[in-house]
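Reminder that position 7 of the sequence shown reads as 7 in the UniProt record's numbering, one-by-one numbering, no gaps. Written below as structure tokens is the structure these notes are about.
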Amino acid sequence: MDQSSDVDMNVQSTDTQDEKEPLLRNANNRGGAFAVIIILVLTFFQYVAYFSVVKNMVGYWHEHLKSTMDNAWLERMLLVGIGQCAALFGGIIADVLLGKRKTLGVGFTFYLLGAMMLEISTVDSQNTSKKSLATASVAFVVLAEACVSPTLAILGATQLTVNEYNCELVMLMFYLLRNCGALLVNYLVTFVFGPAGDGQFWPALAATLAALLLYLVGLRRYKIEKKIEGLTTCGEVWILIKSWRRSSKDRQRHVTGQRRRRREGAASSFKRLVTLILVNSSVFSFSIIYSQV
Numbered sequence: 001m002d003q004s005s006d007v008d009m010n011v012q013s014t015d016t017q018d019e020k021e022p023l024l025r026n027a028n029n030r031g032g033a034f035a036v037i038i039i040l041v042l043t044f045f046q047y048v049a050y051f052s053v054v055k056n057m058v059g060y061w062h063e064h065l066k067s068t069m070d071n072a073w074l075e076r077m078l079l080v081g082i083g084q085c086a087a088l089f090g091g092i093i094a095d096v097l098l099g100k101r102k103t104l105g106v107g108f109t110f111y112l113l114g115a116m117m118l119e120i121s122t123v124d125s126q127n128t129s130k131k132s133l134a135t136a137s138v139a140f141v142v143l144a145e146a147c148v149s150p151t152l153a154i155l156g157a158t159q160l161t162v163n164e165y166n167c168e169l170v171m172l173m174f175y176l177l178r179n180c181g182a183l184l185v186n187y188l189v190t191f192v193f194g195p196a197g198d199g200q201f202w203p204a205l206a207a208t209l210a211a212l213l214l215y216l217v218g219l220r221r222y223k224i225e226k227k228i229e230g231l232t233t234c235g236e237v238w239i240l241i242k243s244w245r246r247s248s249k250d251r252q253r254h255v256t257g258q259r260r261r262r263r264e265g266a267a268s269s270f271k272r273l274v275t276l277i278l279v280n281s282s283v284f285s286f287s288i289i290y291s292q293v
């Protein structure tokens, strides 16, 4: 009885220690508070660049590219909608193919190229080349948003201790700084530059250049697990398919207890993956509809 009570007291003490764990304490070789601050500043710069393009797109298309207002609004809707949907595939690319660091590097590089091409198109005198530059730059911005937006949020949430409250706090700060970036762009467009003035995309160029430099400076601070969950999920799906094939041939011969447990685990992981895709798809669809209201 005494030993069991001691064990219970030890378990309770460890639980209280976990609950009272300092918020910004480094753990499991994670980047800690400094890495989170860098990522949150990157979030601000990233949304300044994205919202600069979205906010100025209608006026620029209408005034400089001689497009009708209806077509300009339609192209803006396509930009926002494709950017929201592509973020889901950007997260999958970061998990399965490139990894978070390379995906962010590619995303910030695309942002820089898109902002430079937009700024060049504002001073180009030929309407044909101006429209080609503007269309290509918007494509770069969409690809950049798909790479940066989901990856930056997950990377920031994993730099602190493994704690649900920490992750929620980082995500709240993530969306707060995104809104601050949008507020800054609204102020600049409304009170400083005007809706369709020349040089209207320089905030996007300055923000992306600062973000890329800050990202390169902070590379040594980011701590990322080497295990790639996407590859694990693909392996579990392959186990599930393989188990189904074997059970269809000879269920009694091939399906042992170990294989049955592996099959059940793979099935549950596959269900979680399908649920995640459905939930994210519904969220992105709602974001698209809400952005057009």
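Glycine residues also receive a C-beta, built at the ideal position from the N, C-alpha and C atoms.
Asked: Proximity below 8 Å, CB of F44 to CB of G181; Found: yes
Asked: Three-state class that DSSP yields for G107 in the structure shown; Found: helix
Asked: Inter-residue CB distance, L118 and L212 (contact presumed, cutoff 8 Å); Found: That belief does not hold up - the Cβ atoms of L118 and L212 are roughly 16 Å apart, past 8 Å.
Asked: Straight-line gap, G107 to L209 (C-alpha atoms, nearest Å); Found: 12 Å
Asked: V141 beta carbon less than 8 Å from that of V53; Found: yes
Asked: Proximity of A139 and F89 at Cβ, strictly below 8 Å; Found: no
Asked: G99 in three-state terms, based on DSSP; Found: coil
Asked: Same chain, Cβ closer than 8 Å to L214, neighbours up to 5 away in sequence not counted; Found: I38, V41, L42 and F45
Asked: Environment of L152 [buried if 16+ CB atoms lie within 10 Å]; Found: buried
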